[in-house]
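Q: Residue numbers (my numbering): 865 to 1078.
Using N, Cα and C, we set each Cβ at its ideal position, and we do this for glycine too.
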Ligand code: SF4
């Protein structure tokens, strides 16, 4: 069966790769259902998970249209759910393609869900990591992200540890937070600084009537 849905898509001059639709969380601010799995003109619902070869072909085909030479692992799904594919694909992309910049967009639970510290493996192949943390409060993190039950209790601390580890491994590390009611964004920015990471606000894509602190 073909891997329906876009495996590679362009946005603002960058190339994005869509590895999976699996997530360890069901984030309240996620646009995938509200936007029917379309992200700004690209359909990201996969019929099945693509192979490394299929992703590589798709990336090489679209890379000439990405002037930034930046490739970002980010679709409607969490890339570290397919860690082996992410690592193999990163290595393959690097080969014969000098000057590429590789970034992972993640919810930051990869170490906890893979049951081992994945930061050294990521640091060996990536340039940067963007971690969707969204709050400085553990209870609010659980409310906003709705993690799988086995990740809920330790999740927030695990994400903070992951961020700290990425910084220590010399990955360019940015914490992001979606602008939404009830979130103390100044506190998220302060926590990012304490962890040694940069901080970036992201616009809210989907209207949510419920406050994040409720
Ligand atoms: S991890 Fe990403 S794709 Fe998955 S639910 Fe959260 S925002 Fe949506």
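Rounded to whole angstroms, what is the Cα-Cα separation between residue 959 and residue 1047?
A: 42 angstroms
Q: Where the beta carbon is closer than 6 angstroms to any heavy atom of the ligand SF4, which residues qualify, in chain order?
A: 887, 889, 890, 891, 894, 896, 940, 941, 942 and 971
Q: If residue 944 sits next to residue 970, beta carbons under 8 angstroms apart, how far is it from one beta carbon to the other, in whole angstroms?
A: Indeed they touch by this definition, with Cβ atoms about 6 angstroms apart.
Q: Just the Cα atoms here: how many angstroms apart are residue 1044 and residue 995?
A: If you take the alpha carbons of residue 1044 and residue 995, they lie about 17 angstroms apart.
Q: If you draw a straight line from the alpha carbon of residue 1074 to that of residue 948, how long is it in whole angstroms?
A: Reliability of the predicted coordinates at residue 1074 is poor, the pLDDT of 46 falling under 50, and the value obtained from them is presented with this limitation in mind. Going from the Cα of residue 1074 to the Cα of residue 948 covers about 37 angstroms.
Q: Which residues mark the beginning and the end of the alpha helix (DSSP H) in which residue 975 is found?
A: 974 to 978
Q: Determine the extent of the beta strand (DSSP E) in which residue 992 is found, giving its start and end residues.
A: 992 to 996
Q: For the segment 915 to 926 against the segment 951 to 968, do three or more pairs of beta-carbon atoms, one drawn from each stretch, fall closer than 8 angstroms, so that the two count as touching?
A: yes
Q: Can you tell me where the alpha helix (DSSP H) with residue 955 in it begins and where it stops?
A: 947 to 958
Q: Quick one: residues in its chain with C-beta nearer than 7 angstroms to the C-beta of residue 1015, no 5 flanking neighbours on either side, listed in chain order?
A: 888, 973, 976 and 977
Q: Residue 905 and residue 933 - do their beta-carbons sit closer together than 8 angstroms?
A: no
Q: According to the neighbour-count rule (16 or more other Cβ atoms, all chains shown, within 10 Å of its Cβ), is residue 1021 buried or exposed?
A: Residue burial is scored here from C-beta neighbours: residue 1021 has fewer than 16 other C-beta atoms within 10 angstroms and is therefore classed as exposed.
Q: If we ignore side chains and look at the alpha-carbon of each, how far apart do residue 982 and residue 898 end up?
A: 32 angstroms
Q: Note down the Cα distance separating residue 1035 from residue 929, rounded to an integer number of angstroms.
A: 26 angstroms
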